[in-house]
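**Q** Going down the list, the sequences are from chains P and H. Just so we're aligned: the first sequence equals residues 5 to 391 in this note's numbering. Just so we're aligned: the second sequence equals residues 5 to 391 in this note's numbering. Heads up, the beta-carbon is just placed ideally off N, CA and C, and yes, glycines get one too.
Number of protein chains: 2
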Amino acid sequence: MRSFTLHIPTRFVFGDDNLDRAGKEIRPLAKKVLVVCSSGSVVRTGILKRLIRSLEVNGIIADVYDQVMPNPRVSMVDKGGKLAADLKVEAVIGFGGGSAMDAAKGVAIVAANGGSIWDYVHTNGMANHSLPVIAIPTLSATGSEGNAFGVVTHDESAQKISFISPAVKPVLSIIDPKLTMSVPEDYFRDGVVDVIAHSIEAYISSKDYAPLNDRFSLALIKTAVEMGEKILLEPENSEYRGVFAWTAMMALNGINDAGREGPYPVHTLEHPLSGKYDLSHGRGLALLLPRYLRYFQEDKAEKIIAFGQAVFDSSIQNAGEALTAFESWLEKFQRRLTFQSLNIPQNDIPALTDMVFEMMANRKGNISGPRQMNRDDVTAIYLKCLT
Amino acid sequence: MRSFTLHIPTRFVFGDDNLDRAGKEIRPLAKKVLVVCSSGSVVRTGILKRLIRSLEVNGIIADVYDQVMPNPRVSMVDKGGKLAADLKVEAVIGFGGGSAMDAAKGVAIVAANGGSIWDYVHTNGMANHSLPVIAIPTLSATGSEGNAFGVVTHDESAQKISFISPAVKPVLSIIDPKLTMSVPEDYFRDGVVDVIAHSIEAYISSKDYAPLNDRFSLALIKTAVEMGEKILLEPENSEYRGVFAWTAMMALNGINDAGREGPYPVHTLEHPLSGKYDLSHGRGLALLLPRYLRYFQEDKAEKIIAFGQAVFDSSIQNAGEALTAFESWLEKFQRRLTFQSLNIPQNDIPALTDMVFEMMANRKGNISGPRQMNRDDVTAIYLKCLT
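(1) Between Y207/H and chain P, is there a C-beta pair that is closer than 7 Å?
(2) Secondary structure at V78/H, three-state DSSP: helix, strand or coil?
(3) What in chain H is Cβ-close to F220/P, meaning under 8 Å?
(4) Assuming V247/H contacts M5/P under a Cβ cut-off of 8 Å, what Cβ separation, rounded to an integer in Å, is found between them?
(5) Taking Cβ positions, are S221/H and G266/H nearer each other than 7 Å?
(6) Using alpha carbons as the reference points, say which of K53/P, L33/P, D82/P lies closest to V68/P.
(7) What does I12/P touch in chain H if you count any residue whose Cβ is under 7 Å from its own?
(8) Mind checking if G246/H is an interface residue toward chain P, Cβ cutoff 7 Å exclusive?
(9) Along the chain, where does the alpha helix (DSSP H) that runs through K92/H open and close?
(10) How about E205/H and Y299/H: do their beta carbons lie closer than 7 Å?
(11) When Cβ atoms are compared, which residues of the segment 169-186 of chain H fall closer than 7 Å to chain P?
(12) Express the C-alpha separation of L55/P and V37/P in angstroms, rounding to a whole number.
(13) Taking just the CA atoms, how far does G100/H sit from G102/P?
(14) When you check each C-beta in the segment 243-269 of chain H against every C-beta of chain P, which residues fall closer than 8 Å?
(15) Would you report the Cα separation of T146/H and K182/H, rounded to the nearest angstrom?
(16) I think I178/H touches A26/H, with their Cβ atoms under 8 Å apart; what is that distance to the nearest whole Å?
(17) Got a sec: does the ligand SAH put a non-hydrogen atom nearer than 6 Å to the Cβ of G50/H?
(18) Anything in chain P within Cβ reach of K15/H, meaning under 7 Å, just list it in chain order.
(19) Does the beta carbon of M5/P sit closer than 7 Å to a beta carbon anywhere in chain H?
(20) Whose C-alpha, out of A112/H, A104/H, P76/H, is nearest the C-alpha of D90/H?
(21) Looking at S278/H and G195/H, is the spacing between their C-beta atoms short of 7 Å?
(22) Quick check: what's the CA-CA separation for V47/P versus P141/P?
(23) If we ignore side chains and look at the alpha-carbon of each, how far apart do L237/P and S332/P end up?
(24) Interface residues of chain P around F18/H at Cβ under 8 Å?
(25) Tell me which same chain residues have a C-beta within less than 6 Å of the C-beta of M359/H, skipping the five on either side of it?
(26) For the beta strand (DSSP E) that contains S177/P, what are its first and last residues?
(27) Could you check where the alpha helix (DSSP H) with K182/P kicks off and where it finishes?
(28) Quick one: is P349/P buried, meaning 16 or more other Cβ sit within 10 Å of its Cβ, or exposed?
(29) Can a CB atom of chain H be found closer than 7 Å to the CB of L33/P?
(30) What are the uninterrupted segments assigned as alpha helix (DSSP H) that are 4 or more residues long and contained completely in the segment 188-231 of chain H, given in chain order?
(31) Quick one: residues in its chain with C-beta nearer than 8 Å to the C-beta of V175/H, no 5 flanking neighbours on either side, listed in chain order?
(32) Take D303/P as the anchor and find which of I165/P, G324/P, N128/P, R287/P has the nearest alpha-carbon.
(33) Please confirm if T146/H has its CB atom under 7 Å from at least one CB of chain P.
(34) Beta-carbon within less than 7 Å of N366/P's beta-carbon, same chain only, minus the 5 sequence neighbours each way: which residues are those?
(35) Is DSSP giving M377/P helix, strand or coil here?
(36) Quick one, which of G154/H, K368/H, F337/H has its alpha-carbon nearest P170/H's?
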């Protein structure tokens with residue numbers, strides 16, 4: 005294992021119907037807040053109203069910034085940041101899926117520092133300060149409720165890129181599994197794939213000896229796959245929803261990767277897709293993940309076999325069988341995708357490859373992966389997505 | 005899963021030779037500290053001197069309270085608490101195994117609140133305040149470096165019991181795997197069993213549906229067993245030491261049991277043994293754990309089989325085989341113990357049972373376990389330890 009510092013200051017308040025405790029939990033932290041959310045399912049299902057009521061009953065003044073869209077744009081985040089600063093709120097609540105929580109983090113940074121969130125994406129700098137962030141996820145997917153990350157998309161270039169700042173680790177996350185019933189099934193499926201991707205990235209790409217982390221990763225993936233199936237069969241079962249909410253948070257809160265460092269190349273290749281075509285991130289990951297694993301099938305055979313055995317079938321003998329099992333599962337889960345099924349033109353592959361290298365090239369001019377990846381590698385993986 | 009609140013505010017600084025960074029890490033937290041430790045291996049191996057040097061180089065005034073003994077006594081903790089208060093230190097550093105870290109937590113509570121640590125054991129009350137605690141473990145075992153617990157033993161009654169206070173969750177834990185090479189092999193073996201016990205207690209006793217937690221538990225146990233064997237073969241291998249240090253901390257920092265609540269009956273039955281006979285806690289656990297599992301072999305067959313398959317042999321078919329495999333492993337690990345091998349008189353069983361019920365009876369007058377346990381149950385488990 006590698007040296008690391010791990011610090012998860014977030015207080016996680018987990019349980020069904022905890023949304024109605026939000027005001028009581030938040031009151032000691034802030035008396036004036038901005039709720040950052042979309043104007044979609046949180047409104048339609050009435051849960052935004054429930055949140056506001058809980059805040060107001062506890063004497064918290066709440067404004068709502070309901071401009072969040074999928075793949076949050078820099079301009080939207082910056083506008084929210086200015087609003088939060090003008091309103092002099094004491095905390096920002098991200099209420100929704102990853103987009104809302106990430107936008108809230110960006111808003112909290114811009115409110116405290118001025119400028120644009122683009123100044124703080126990881127190629128440009130890092131914010132040392134922000135307003136306190138509170139997360140209330142309605143989708144189990146990105147794990148934003150337990151980490152220091154956010155992702156934003158540039159309005160003009162469509163570059164999608166992450167910012168990271170210890171300052172935006174939520175001070176409080178209210179995880180109410182029942183809230184995830186408010187979100188359409190398609191997003192749920194995408195969320196399951198996102199959780200699998202978070203659990204598998206460093207498991208595959210890292211060279212560090214970290215057997216506990218590797219076992220945790222497989223436990224996370226197995227549980228995500230299992231809950232993915234169970235929740236589709238029983239969408240109103242809040243036990244399953246709870247297990248999956250906990251799994252999603254645990255997959256990207258730093259524990260899974262502590263001491264086992266490795267790049268996230270599937271995410272690196274995905275961000276141009278969801279940025280440029282306004283895809284769901286989870287769908288882009290579902291497209292790329294099996295092709296990426298096929299591409300490194302020989303280099304990473306041992307890890308891939310262990311993945312297949314732990315998650316799909318203990319009798320799996322080789323990496324090819326493991327990946328066939330994974331692909332079959334994706335098919336069954338309605339997430340076996342191609343460029344065509346996602347309306348991505350084949351001719352865009354050079355432009356997508358450019359986008360990858362423009363934002364994510366490492367000091368050697370390559371993309372970090374299980375090994376150094378050059379343009380040919382990236383192009384080859386995109387090409388595998390055609391069929 | 006059950007509703008829960010999880011909060012791990014500790015900053016974990018993990019890596020070989022981090023002891024020499026202690027002063028730099030601690031400096032922002034405190035300028036005057038009390039180091040709580042034994043006068044044993046930390047002195048003999050020179051690591052206490054290294055710690056003091058690192059503190060002093062960084063301008064931190066450090067006093068040393070080196071009175072910690074195995075199974076820390078209340079009087080020793082209270083005396084340390086008074087010393088810390090008199091010296092007006094700003095933080096207490098627990099440097100050593102569980103005894104030193106637990107004693108430091110007790111010292112930090114007594115320094116802040118006055119009185120005796122016995123006022124704050126969990127049958128008597130809870131401390132809301134303490135001086136900040138910093139943990140530097142030299143033994144991977146109790147997980148005290150990542151949690152709110154401490155255990156103390158009453159000077160007269162020999163009752164050994166835990167205190168719990170969010171205030172003593174360490175603000176900083178410096179986990180330097182190489183430090184664990186300073187501790188005799190016997191303690192290391194005991195530590196491995198302690199980690200297994202922490203991972204397995206709620207896994208067995210809980211009735212909650214929590215598949216991710218269950219998989220985490222098995223990952224922890226498998227890794228503890230594996231590192232237990234590897235470290236005995238290569239005691240100077242700091243990679244293995246690191247993985248085991250990380251495993252020990254993760255086994256009792258709240259994550260393993262979050263949403264999966266269950267009593268720790270093996271600990272409940274063990275504390276009178278280590279309290280009364282001044283045994284190592286890990287040895288008492290090694291004695292009791294297989295007998296406890298045998299006692300509940302039928303009630304908990306499914307969990308025990310999964311444990312056996314994950315840790316020892318995937319072809320295991322029933323709970324009996326799983327426990328035979330565990331017992332064989334304990335034998336090989338030199339921790340297959342009996343009352344006789346630990347010099348515990350058979351005639352003491354009624355007195356031990358009294359001690360258990362005196363401190364740990366629940367509201368129904370029973371001991372909490374996989375089911376309500378009465379005197380006959382407890383006596384029967386002790387009796388199984390004779391052979």
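**A** Considering the structure as presented:
(1) no
(2) helix
(3) F220, A223
(4) 6 Å
(5) no
(6) K53/P
(7) I12
(8) yes
(9) It is not in any alpha helix (DSSP H) - K92/H carries neither H nor E in the DSSP assignment.
(10) no
(11) From the segment 169-186 of chain H, no residue has a Cβ closer than 7 Å to chain P.
(12) 12 Å
(13) 42 Å
(14) Residues E243, G246, V247, W250, T251, M254, I259, A262, G263.
(15) 17 Å
(16) 6 Å
(17) Here there are no bound small molecules, and the ligand SAH is not part of this structure.
(18) A quick correction: the sequence has Arg, not Lys, at residue 15/H. Ordered by position in chain P, the residues that pass the 7 Å Cβ test against R15/H are T9, H11.
(19) yes
(20) A112/H
(21) No, they are not a contact pair.
(22) Straight across, the Cα-Cα distance linking V47/P with P141/P is about 14 Å.
(23) 18 Å
(24) M5, S7, F8, T9, L10, A262, G263
(25) P276
(26) 176-179
(27) Unbroken run through K182/P: none, as it is neither H nor E.
(28) exposed
(29) no
(30) Counting only runs of 4 or more, we get 189-209.
(31) P13, T14, R15, L33, A95, P136, V137, I138
(32) G324/P
(33) no
(34) Correct list, in chain order: S372.
(35) strand
(36) G154/H
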